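Comments concern the structure below.
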Amino acid sequence: MKRFDVVVVGGGLAGLSAAAHLSHSGKKVLLLEKANLGGRAVTINIKGFAFNFGAHAIYGRDTSVLKQLEKELDIHIDWKDFNPLKAKYDIGEELTAVPANVVGLFRTKAIQGMHKLSFVYQIVKTLIKAETGNPHISIRKWLEQEKVSNEVKEMMLTLASSNFFTREPEKIPSDIFFTYYRRIFTTNKPVAYIGGGWQNLISEFVRVIEQNDGVIQTKAKVDEVKVEEDRVTAVCTKDGWIEAEEFIFCIPPSDLLKLFENTKIEYAIKQYAQYDPTYVLVYDIGLKNKIEVPYTYVYNRKDKVFITDISYYDTTCVPEGGQLLQATTYLKNEDIGNKDVIDRYKKNIEDMYDKYFSGWRDELVVPRISQKAVVQEIKWNMHQQAMPLFFPEYRNLFFAGDWCEGQGQLSELSFSSAYQSSQYIMQKQSMVLA
Ligand SMILES: Cc1cc2nc3c(=O)[nH]c(=O)nc-3n(C[C@H](O)[C@H](O)[C@H](O)COP(=O)(O)OP(=O)(O)OC[C@H]3O[C@@H](n4cnc5c(N)ncnc54)[C@H](O)[C@@H]3O)c2cc1C
184 MKRFDVVVVG GGLAGLSAAA HLSHSGKKVL LLEKANLGGR AVTINIKGFA
234 FNFGAHAIYG RDTSVLKQLE KELDIHIDWK DFNPLKAKYD IGEELTAVPA
284 NVVGLFRTKA IQGMHKLSFV YQIVKTLIKA ETGNPHISIR KWLEQEKVSN
334 EVKEMMLTLA SSNFFTREPE KIPSDIFFTY YRRIFTTNKP VAYIGGGWQN
384 LISEFVRVIE QNDGVIQTKA KVDEVKVEED RVTAVCTKDG WIEAEEFIFC
434 IPPSDLLKLF ENTKIEYAIK QYAQYDPTYV LVYDIGLKNK IEVPYTYVYN
484 RKDKVFITDI SYYDTTCVPE GGQLLQATTY LKNEDIGNKD VIDRYKKNIE
534 DMYDKYFSGW RDELVVPRIS QKAVVQEIKW NMHQQAMPLF FPEYRNLFFA
584 GDWCEGQGQL SELSFSSAYQ SSQYIMQKQS MVLA
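For what it's worth, our numbering labels the leading residue of the sequence shown as 184, then goes sequentially.
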């Protein structure tokens, strides 16, 4: 039987960052991934276009956990910051500035007159913690109770739609909303892309793990776990059992449930495994020649669709002269499997490409569509909550992923939960040494 200090199960962003962090701190780490590394953040090359199948952007990178990892692990990230001057809202009859900074707020017609001041008032209240929300009140209810004007309400919900990738921002618990925006309102780098795609970040984590004698096994599905009293003692793959002192499972709750059936935590995991994820529809296009337009991001408030010109930021993702546009629209759970609704969303996106990137059909080399992509494993609403990083039943078992408690949304939740779980393990050892 092989033996490690820590076994990390799952090679998505959470698993990779946890394994890099722990191996960098001197732990003997094994990372087991059932498929290929990257999980939902994989970048795939099709006909010379590098499509990010999952994550595209990091929100508030200057205060993110990824920024901290970049410094601590000395990984190189080729940040490509979003240009707010080239970001537009489609408000029906015209395009207007996105209020992503003070200039944008001053220029935008998405919110007008005195409502701009009321919006700024809400921002200030959030920043100074005069408003923290309440886990028992949704943001819709909070906006009603506070008698916030329709214009300000719409602005706040539009922001939440695009940051939480949801068609139903009003259902977000108000405490989650305000905690998130307290950080985002202070950022100088609201949105950033990664040069070379997310594959570069994955390669950097792999480099750190391997340089620190960590072991990575792909095509290594964990299909059984062994537990004794209050500890997990081993995991099993097709190659046999592997023992470790500590375990971090970075696999979604539905996969966890299969492994921890008939253990003391089956009851706890069951709750999270039945929660609804956040789904989106993605419709990316690779174009032979670039279509010149004065914007790189357009968000249609009515249809809740955004298009980003990824190749403007990351010129390496296209063949010479080409363009890669990424369109995303948010889905409700009831949309899943409803062909008519999905076709209508696809048509909305094509209409938006026609409107803002006229001529794209003649330049099309490769379309890439995901009809049901999971952006976040647990969707924020009043009936669902994030999974804890550990349960008291097993003292050496930790969890990480975008379904876990942590900072931010989406991949930031994966990084922050992985960081915290790794810290728990490192602190345990330093306490033993002391
Ligand atoms: C279309 C789309 C757009 C997105 N856009 C953004 C964005 O702009 N910004 C952002 O921050 N985030 C974005 N995200 C979200 C981001 O991609 C995810 O939050 C992040 O990749 C999740 O990483 P994870 O490690 O938590 O989970 P996962 O990526 O799900 O990783 C889990 C891993 O565990 C493996 N696994 C499962 N079971 C086992 C087992 N039994 N044994 C071994 N391995 C196992 C899986 O194969 C997988 O690799 C987007 C996602 C999608 C789909």
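Even glycine gets a Cβ: it sits at the ideal position worked out from N, Cα and C.
From a predicted model like this one, the values you see are computed outputs, not experimental measurements.
Would you kindly check if the distance between the Cβ of residue j and the Cβ of residue i is under 8 Å?
i: Gln506; j: Ile552; result: no
i: Gln610; j: Ser599; result: no
i: Ser494; j: Ala238; result: no
i: Asp264; j: Lys185; result: no
i: Leu215; j: Gln400; result: yes
i: Leu572; j: Ser604; result: yes
i: Trp563; j: Ile355; result: yes
i: Ile274; j: Lys299; result: no
i: Ile532; j: Tyr466; result: yes
i: Asp191; j: Val212; result: The identity of residue 191 in the sequence shown is Val, whereas the question assumes Asp. Their beta carbons are under 8 Å apart, which means Val191 touches Val212 by this criterion.
i: Ile468; j: Trp543; result: yes
i: Ser345; j: Met565; result: no
i: Val405; j: Val558; result: no
i: Val488; j: Lys271; result: no
i: Ile260; j: Ile377; result: yes
i: Ala197; j: Gly584; result: yes
i: Ile258; j: Val398; result: no
When DSSP labels each residue in this structure, what does residue i get in the three-state scheme?
i: Val303; result: helix
i: Val335; result: helix
i: Ser321; result: strand
i: Glu253; result: helix
i: Asn579; result: coil
i: Met570; result: strand
i: Phe489; result: strand
i: Lys263; result: strand
i: Thr309; result: helix
i: Ile621; result: Nothing about residue 621 can be read from this structure; the chain reaches only from 184 to 617.
i: Lys611; result: helix
i: Leu593; result: coil
i: Ala270; result: strand
i: Ala343; result: helix
i: Gln506; result: strand
i: Thr499; result: helix
i: Tyr602; result: helix
i: Val281; result: coil
i: Val463; result: strand
i: Val476; result: coil
Looking only at C-alpha atoms, which of the options sits nearest to residue i?
i: Arg409; options: Leu442, Arg390, Gly380, Asp396; result: The question names Arg, but residue 409 in the sequence shown is Lys. That would be Leu442, whose Cα lies nearest to the Cα of Lys409.
i: Phe582; options: Asn383, Asn483, Val415; result: Val415
i: Ala343; options: Tyr364, Asn284, Arg244; result: Tyr364
i: Gly243; options: Ile608, Gln612, Leu596; result: Leu596
i: Tyr304; options: Ile322, Lys324, Lys336; result: Lys336
i: Cys500; options: Lys217, Arg223, His204, Ile227; result: Ile227
i: Ala240; options: Ser332, Trp262, Thr246; result: Trp262
i: Phe361; options: Tyr602, Leu384, Ile608, Gln592; result: Gln592
i: Tyr455; options: Ile377, Val285, Glu588; result: Glu588
i: Cys419; options: Glu412, Ala203, Glu407, Asn395; result: Glu407
i: Ala203; options: Trp424, Tyr602, Glu576, Phe388; result: Phe388
i: Phe368; options: Asp245, Lys515, Val476; result: Asp245
i: Ile229; options: Leu547, Tyr607, Arg527; result: Leu547
i: Gly423; options: Ala403, Gln382, Asp518; result: Ala403
i: Glu393; options: Arg578, Asn579, Ile608, Gly209; result: Gly209
At the 8 Å Cβ level, is residue i part of the contact set with chain D, yes or no?
i: Leu442; result: Going by chain labels, chain D is absent from the structure shown, which holds only one protein chain.
Going by the C-beta, is residue i closer than 7 Å to any heavy atom of ligand 3?
i: Gln559; result: Ligands in the displayed structure: ligand 1; ligand 3 is not one of them.
Legend entry - Complete alpha helix (DSSP H) runs within the region 185-250 (minimum length 4 residues, chain order): 196-207
Legend entry - Any alpha helix (DSSP H) of 4 or more consecutive residues that is wholly inside the region 357-398: Taking only runs of at least 4 residues, the alpha helix (DSSP H) segments lying wholly in the region 357-398 are 357-367, 381-394.
Legend entry - Runs of alpha helix (DSSP H) wholly within the region 508-560 (minimum 4 residues, chain order): 522-539, 543-546
Legend entry - Minimum length 3: unbroken beta strand (DSSP E) runs contained in the region 391-459: 398-400, 407-411, 414-420, 423-432
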